[in-house]
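Protein sequences, first through last, are from chains U and G.
Read in the UniProt record's numbering, the first sequence has 264 at position 264, and its numbers run on one by one without any break.
Read in the UniProt record's numbering, the second sequence has 137 at position 137, and its numbers run on one by one without any break.
Report on one structure; see the data block that follows.
There are 2 protein chains.
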Amino acid sequence: MKINGGFDVAGRIEKYMWLSSPSCAVLRRQLFLIRTLGASYTSRTSYSQMERAHCSSISTPEADAEGVIRRITPVLDRTRYKGQAGRIAIIGGCREYTGAPYFTAISALKIGADLSHVFCTKDAATVIKSYSPELIVHPILEESYSIREDERETVTYKILTEIRKWLERFDCIVVGPGLGRDPFLLNCVSDIMRHARQLNIPTVIDADGLFLVTNNIDLVKDNSLAVLTPNKMEYKRLLEKILNSDVSEDNPSEQLRLLSQKIGGATILRKGKEDLISDAETVTKVSTFGSPRRCGGQGDILSGSVAVFTSWARNYVMSSMPSSEKSLNPLILGCVAGSILLRKAATAAFASKKRATLTTDIIEFLGDSLEEICPAD
Amino acid sequence: MKINGGFDVAGRIEKYMWLSSPSCAVLRRQLFLIRTLGASYTSRTSYSQMERAHCSSISTPEADAEGVIRRITPVLDRTRYKGQAGRIAIIGGCREYTGAPYFTAISALKIGADLSHVFCTKDAATVIKSYSPELIVHPILEESYSIREDERETVTYKILTEIRKWLERFDCIVVGPGLGRDPFLLNCVSDIMRHARQLNIPTVIDADGLFLVTNNIDLVKDNSLAVLTPNKMEYKRLLEKILNSDVSEDNPSEQLRLLSQKIGGATILRKGKEDLISDAETVTKVSTFGSPRRCGGQGDILSGSVAVFTSWARNYVMSSMPSSEKSLNPLILGCVAGSILLRKAATAAFASKKRATLTTDIIEFLGDSLEEICPAD
């Protein structure tokens with residue numbers, strides 16, 4: 001199985017982040033040979049036949065997730081100014097749902113983003129604003145019930161004009177938390193996603209955003225800056241729609257890789273007991289145990305967390321790191337980091353609150369958990 | 001007095017959960033004889049004449065309430081996914097009342113339910129949402145003042161269509177907290193209750209929900225999945241309406257049993273200094289002292305608590321337990337567990353806050369109180 005440039009030309013195996021289990025030793029040596037026998041180091045090696053043949057015989061490698069966080073989390077120094085640690089936007093929040101976009105947006109801030117915006121409907125905005133004065137909430141989306149048929153075109157134009165003023169400022173957007181399924185609203189959001197893509201803004205897609213893209217796969221097809229974060233049911237629907245198949249119990253990693261390949265390499269984080277992450281070339285997992293409490297809202301923390309870490313990982317990869325690391329996929333790094341941080345915070349919250357643990361409690365532990373992995377000083 | 005399959009065929013008395021006081025020793029032996037002399041063990045024994053004759057001479061048995069909690073509370077293990085620990089819905093919240101449905105819904109989450117929904121009016125929704133991002137609040141009910149006479153039919157149809165999409169997902173619903181008494185709204189809620197009954201969803205009825213069913217007893221008649229939780233005045237009104245009598249001081253247990261029998265076996269939890277619980281066949285009590293502070297809202301905690309424990313008790317009874325326990329009525333178990341947990345949390349909150357104790361303080365102790373009885377690890 002291919003890994004993303006995890007060791008350098010001199011073969012320093014300690015940098016080999018993805019394949020850490022002893023069962024992968026043979027494959028690691030083979031990969032090393034492939035690399036040193038002429039494959040361009042900075043270009044991403046394709047997932048070869050030989051590697052695939054190994055897939056069924058080896059376990060999916062566990063990511064060195066805490067190591068990823070330590071690498072990509074920016075150093076806080078006195079020269080930094082507002083916005084440099086991340087400007088995140090959430091597209092979500094409608095008449096029905098307000099908690100989900102709040103959880104995503106506040107999680108992004110608690111991890112260390114400087115600014116967190118929410119673009120939602122008018123009904124949702126008042127409520128989301130009331131949850132926290134830390135968020136910037138834009139009441140600009142509309143649902144079918146609030147507009148007349150003959151206004152649709154004008155309203156769409158107005159919404160897109162408004163959001164375009166903001167979009168290019170963001171390091172990452174999250175589409176879906178509390179979005180709802182109103183057809184008019186989803187149409188507008190499709191346009192927003194297309195525009196974000198033109199601007200090369202990484203886009204995390206969760207919840208009703210996944211409902212949208214499952215039925216309009218072109219929105220993420222061939223977009224290497226898209227991350228899909230499906231839970232069990234959402235993944236099942238994606239598989240049915242895209243691969244026309246049911247969930248494989250035998251080789252879930254290869255199935256995930258194929259799904260990602262089929263949609264042209266968008267990254268997929270398949271949530272579950274262990275999170276599996278693939279970008280059509282690599283498959284890795286994060287299986288550190290989180291919490292047995294399965295209260296609703298944890299997926300919203302994850303999408304906010306992945307958004308922040310993805311924007312940090314992009315800076316890390318694009319900055320003056322050794323060229324050997326430039327082939328790392330920042331979206332994979334963002335998923336790995338987001339996954340482990342949620343799991344650690346959930347563990348800490350459960351140790352404190354037990355069965356009464358709610359999403360708000362987990363969010364309160366994001367800071368301590370990050371500090372434990374990667375101290376700010 | 002009959003108990004719900006509390007000891008097995010071999011007569012293991014330690015499983016006999018309901019009758020624990022020494023004064024019941026004679027009756028216990030009689031019941032054991034009745035059982036072993038041919039009554040079907042797994043079918044629920046009726047409350048015989050002989051047992052009733054004893055009622056006036058013995059005190060109502062105290063439930064081993066903490067034991068019930070320990071039995072029915074699900075083990076938290078790593079394989080569980082969102083929703084498995086309970087999806088609860090509250091039907092309530094109108095222009096006038098917003099606190100009550102919030103208390104019920106958040107209590108359900110704090111005890112361990114995974115998802116808690118509130119179905120209320122538009123006016124109430126914004127406020128209830130703003131109390132907590134953890135709840136999913138649906139602004140779909142309407143009151144008379146907000147709709148025209150000629151719209152009623154269409155609006156009713158729309159409300160029912162919307163709620164039917166959700167109803168089958170819930171493990172238990174609570175009807176009444178903050179519901180108000182608007183006739184149009186109550187008509188809609190009657191239809192929702194009928195639909196929940198068709199779907200075999202346990203339904204806890206409190207507050208204005210009791211006003212509704214007291215005047216429309218068919219809504220709960222012969223519904224073995226209904227739980228009524230009247231306070232002193234609500235119970236008095238029920239008695240007047242159904243049994244045409246005043247509250248009995250001499251034999252409150254038998255009167256409660258008769259009331260339950262008259263409405264066909266719906267479970268009744270009569271709240272008071274001691275909570276009495278009956279399903280027409282058994283009567284049991286929970287009398288552990290709670291708190292001398294009688295601030296409004298404690299009944300809302302109870303209804304949410306009963307809802308969660310009832311859904312857990314149903315899973316417990318329907319799961320692969322020894323057949324000797326399959327005759328247990330999960331609604332009785334849910335009431336017993338809900339009653340003791342509220343009492344313990346109220347005690348803890350009062351010890352901490354004294355006269356300043358409010359419902360919110362009690363809710364904050366639900367987790368610790370449950371942990372004390374039934375540790376999560």
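Here a beta-carbon is modelled for each residue, glycine too, at the ideal position from N, C-alpha and C.
Being a predicted model, the structure only gives us computed values, none of them experimental.
Quick one: what does DSSP say residue i is sitting in, helix, strand or coil?
{"i": "alanine 207(G)", "result": "coil"}
{"i": "glutamate 62(U)", "result": "strand"}
{"i": "threonine 267(U)", "result": "strand"}
{"i": "aspartate 275(U)", "result": "strand"}
{"i": "cysteine 295(U)", "result": "coil"}
{"i": "proline 101(U)", "result": "helix"}
{"i": "valine 127(G)", "result": "helix"}
{"i": "threonine 229(G)", "result": "coil"}
{"i": "leucine 366(G)", "result": "helix"}
{"i": "leucine 141(G)", "result": "strand"}
{"i": "alanine 196(G)", "result": "helix"}
{"i": "leucine 186(U)", "result": "helix"}
{"i": "isoleucine 332(U)", "result": "helix"}
{"i": "isoleucine 173(U)", "result": "strand"}
{"i": "valine 220(U)", "result": "coil"}
{"i": "serine 132(U)", "result": "coil"}
{"i": "glutamate 355(U)", "result": "Before going further, note that residue 355(U) is arginine rather than glutamate in the sequence given. Of the three classes helix, strand and coil, the one that applies to arginine 355(U) here is helix, per DSSP."}
{"i": "isoleucine 147(G)", "result": "coil"}
{"i": "alanine 313(G)", "result": "helix"}
{"i": "phenylalanine 289(G)", "result": "coil"}
{"i": "serine 260(G)", "result": "helix"}
{"i": "threonine 79(U)", "result": "coil"}
By how many angstroms is the C-alpha of residue j removed from the C-alpha of residue i?
{"i": "glutamate 168(U)", "j": "valine 175(G)", "result": "48 Å"}
{"i": "leucine 160(U)", "j": "isoleucine 242(U)", "result": "29 Å"}
{"i": "alanine 196(U)", "j": "glutamate 162(U)", "result": "14 Å"}
{"i": "arginine 78(U)", "j": "tyrosine 316(U)", "result": "19 Å"}
{"i": "alanine 313(G)", "j": "leucine 225(G)", "result": "12 Å"}
{"i": "threonine 73(U)", "j": "phenylalanine 103(U)", "result": "21 Å"}
{"i": "phenylalanine 184(G)", "j": "serine 144(G)", "result": "6 Å"}
{"i": "tyrosine 97(G)", "j": "proline 133(G)", "result": "19 Å"}
{"i": "leucine 333(U)", "j": "alanine 207(U)", "result": "21 Å"}
Just to make sure I have the definition right: I need the residues of chain U whose C-beta is within less than 8 Å of the C-beta of residue i. Which are they?
{"i": "glutamate 142(G)", "result": "In chain order: nothing, as chain U lies at least about 14 Å away."}
{"i": "glycine 112(G)", "result": "Arg293, Arg355 and Ala356"}
{"i": "alanine 345(G)", "result": "Correct list: empty, because the minimum Cβ distance to chain U is about 10 Å."}
{"i": "glutamine 84(G)", "result": "Arg294"}
So which residues of chain G does residue i contact, with C-beta pairs closer than 8 Å?
{"i": "alanine 108(U)", "result": "What alanine 108(U) touches in chain G: nothing, since even the nearest Cβ is about 15 Å away."}
{"i": "lysine 232(U)", "result": "Tyr81"}
Is residue i near the ligand ZN, judged by its Cβ being under 7 Å from some heavy atom?
{"i": "aspartate 361(G)", "result": "Absence of the ligand ZN is noted for the structure shown, with no ligands found whatsoever."}
Would you say residue i faces chain U, with C-beta separation under 8 Å as the test?
{"i": "tyrosine 81(G)", "result": "yes"}
{"i": "leucine 76(G)", "result": "yes"}
{"i": "alanine 280(G)", "result": "no"}
{"i": "glycine 99(G)", "result": "no"}
{"i": "threonine 121(G)", "result": "no"}
{"i": "threonine 126(G)", "result": "yes"}
{"i": "glycine 367(G)", "result": "yes"}
{"i": "leucine 219(G)", "result": "no"}
{"i": "glutamate 162(G)", "result": "no"}
{"i": "alanine 376(G)", "result": "yes"}
{"i": "leucine 115(G)", "result": "yes"}
{"i": "glutamate 168(G)", "result": "no"}
{"i": "leucine 302(G)", "result": "no"}
{"i": "glutamate 371(G)", "result": "yes"}
For residue i and chain G, any beta-carbon pair shorter than 8 Å?
{"i": "glycine 67(U)", "result": "no"}
{"i": "lysine 273(U)", "result": "yes"}
{"i": "tyrosine 102(U)", "result": "yes"}
{"i": "phenylalanine 289(U)", "result": "yes"}
Cα-Cα, which of the options is closest to residue i?
{"i": "glycine 338(G)", "options": "Gly67(G), Pro61(G) and Thr60(G)", "result": "Gly67(G)"}
{"i": "serine 364(G)", "options": "Phe289(U), Thr156(U), Thr360(U) and Ala356(U)", "result": "Note on residue identity: the sequence assigns glutamate, not serine, to residue 364(G). The residue with the shortest Cα to Cα distance from glutamate 364(G) is Ala356(U)."}
{"i": "isoleucine 340(G)", "options": "Lys122(G), Tyr235(G), Leu135(G) and Lys285(G)", "result": "Lys285(G)"}
{"i": "cysteine 374(G)", "options": "Asp64(G), Arg71(G), Pro61(G) and Ala63(G)", "result": "Arg71(G)"}
Would you mind telling me which residues of chain U sit closer than 7 Å to residue i, beta carbon to beta carbon, in chain order?
{"i": "histidine 138(G)", "result": "Glu96"}
Residues of chain G with CB under 7 Å from residue i, in chain order?
{"i": "serine 130(U)", "result": "Ser130"}
Mind pulling the chain U residues with CB within less than 9 Å of residue i?
{"i": "glutamine 298(G)", "result": "The contacting residues do not exist; glutamine 298(G) stays about 18 Å from chain U at best."}
Residue i touches chain G at which residues, Cβ-Cβ below 9 Å?
{"i": "threonine 360(U)", "result": "Ser132, Pro133 and Glu134"}
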